[in-house]
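**Q** My structure is below; once you've seen it, I'll send some questions.
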Ligand SMILES: O=C(O)CCC(=O)C(=O)O
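Residue numbers (our numbering): 116 to 399.
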């Protein structure tokens with residue numbers, strides 16, 4: 116039985132734990148290419164999501180331990196989690212509760228309102244646990260857009276990045292190039308190229324948003340074309356965060372390599388007609 120088929124057994128309406136998008140959020144999203152909505156996910160739900168990620172990865176710590184044996188166990192767990200078939204991507208393919216969580220209608224409704232589209236499918240989810248600085252395993256994300264990584268033929272798509280703990284400015288929250296959703300598609304991030312070096316003109320044209328924290332349960336929604344980056348985590352706390360992509364239900368699959376879609380038998384140039392990619396919201 117596939118994870119999607121097990122959904123009936125775990126179904127839970129999480130809407131009391133999820134917030135709403137207001138007209139001013141839509142206005143800011145289209146003006147700047149991103150909008151932060153605080154208190155969008157309840158603190159209780161954040162804790163449950165962290166627990167599922169901890170069980171899935173074996174990363175059971177919230178802070179860098181002081182005991183050397185625990186430190187070694189922490190690093191070993193992190194290195195082992197990185198060798199999983201999909202790394203930190205696509206937990207919903209393994210965990211039915213997470214499938215139910217990311218397919219909640221209210222997340223889909225938020226995407227529909229922000230993107231101004233009638234129907235939304237879920238595409239991806241990614242664990243963004245940034246390791247504590249003293250572990251030597253923290254990382255930065257150089258300037259990139261998400262669209263070049265996504266196997267989709269149009270960019271009616273947005274990122275839903277959720278702070279699962281209080282993310283302070285020294286824990287490496289994202290910064291964005293304000294208004295850069297109007298720019299052209301650039302590079303695939305994470306492959307050793309930094310958008311700042313490849314496209315310096317973007318940094319003359321658009322201003323970098325202020326560095327600021329995101330409180331637990333706050334969500335940063337950004338458009339798939341918006342350039343963004345984040346610094347390493349300098350604290351001794353794990354920066355538990357996650358992201359997930361939602362897109363227009365009319366989007367066609369391109370066949371481009373992606374950990375969330377590879378090997379599922381999706382057909383290039385057709386819609387995402389597969390149980391892993393349900394329509395999570397429809398206005399009709
Ligand atoms: O979590 C981060 O620091 C970066 C995440 C990111 O680049 C993204 O969500 O697209």
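Where a beta carbon is used, it is the ideal one built from N, C-alpha and C, also for glycine.
Please look up how many angstroms separate the CB atoms of residue 198 and residue 286, rounded, as I've assumed it's under 8 angstroms.
**A** For the purposes of this step, residue 198 is taken as the residue at position 83 of the chain shown. For the purposes of this step, residue 286 is taken as the residue at position 171 of the chain shown. The pair is not a contact, with the Cβ atoms about 25 angstroms apart (cut-off 8 angstroms).
**Q** Using 7 angstroms as the cut-off, classify the Cβ of residue 287 as near or not near the heavy atoms of ligand 1, replying yes or no.
**A** Residue mapping note: residue 287 aligns to position 172 of the chain shown, counting from 1. Yes; taking the cut-off as 7 angstroms, the Cβ of residue 287 has a heavy atom of ligand 1 nearer than that.
**Q** Do three or more CB pairs link the stretch 334-345 to the stretch 295-302 at distances below 8 angstroms?
**A** These segments touch.
**Q** If residue 276 and residue 335 are in contact, beta carbons under 8 angstroms, what's the gap, nearest whole angstrom?
**A** Locating residue 276 in the chain shown gives position 161, counting from the first residue. Locating residue 335 in the chain shown gives position 220, counting from the first residue. About 4 angstroms; that satisfies the 8 angstroms criterion.
**Q** Pull up the CB-CB distance for residue 221 and residue 130, whole angstroms please, since I reckon it's below 8 angstroms.
**A** Locating residue 221 in the chain shown gives position 106, where the first residue counts as 1. Locating residue 130 in the chain shown gives position 15, where the first residue counts as 1. Sure, about 5 angstroms apart at Cβ, within 8 angstroms.
**Q** Hey, is residue 371's beta-carbon within less than 8 angstroms of any beta-carbon in chain D?
**A** In summary, chain D is missing from the structure at hand, where a single protein chain is found.
**Q** Nearest CA to the CA of residue 259: which residue from 333, 218, 234 and 314?
**A** Locating residue 259 in the chain shown gives position 144, where the first residue counts as 1. Minimum Cα distance to residue 259 is reached at 314.
**Q** Using CA coordinates, which residue listed in 269, 323, 278 and 306 is at the minimum distance from residue 295?
**A** Locating residue 295 in the chain shown gives position 180, where the first residue counts as 1. Comparing Cα-Cα distances from residue 295 to each of 269, 323, 278 and 306, the minimum goes to 323.
**Q** Determine the DSSP secondary structure at residue 286, reduced to helix, strand or coil.
**A** Along the chain shown, read from residue 1 onward, the residue named residue 286 stands at position 171. Residue 286 falls in the helix class under three-state DSSP.
**Q** Hey, would you say the C-beta of residue 132 is under 7 angstroms away from at least one heavy atom of ligand 1?
**A** For this step, residue 132 is matched to residue 17 along the chain shown. It does not: the Cβ of residue 132 is nowhere closer than 7 angstroms to a heavy atom of ligand 1.
**Q** Just verifying my parser: in three-state terms, what is the DSSP assignment at residue 225?
**A** Here residue 225 is taken as the residue at index 110 of the chain shown, counted from 1. Residue state, collapsed to three classes: helix.
**Q** Just checking, does the stretch 185-202 make contact with the stretch 259-268 on the three C-beta pairs under 8 angstroms criterion?
**A** Output reads no: the stretch 259-268 does not touch the stretch 185-202.
**Q** Counting pairs of Cβ atoms below 8 angstroms between the stretch 140-151 and the stretch 205-213, do you hit three or more?
**A** They do not touch, by the three-pair rule.
**Q** Applying the criterion that 16 or more other CB atoms from any shown protein chain within 10 Å of the CB defines a buried residue, is residue 291 buried or exposed?
**A** Taking the chain shown and counting its residues from 1, the one referred to as residue 291 is at position 176. Looking at its Cβ environment, which holds 16 or more other Cβ atoms inside 10 Å, residue 291 is buried.
**Q** Going by DSSP, what residue range makes up the alpha helix (DSSP H) through residue 125?
**A** Counted from its first residue, the chain shown places residue 125 at position 10. Looking at the DSSP string, the run of the alpha helix (DSSP H) that includes residue 125 is 122-125.
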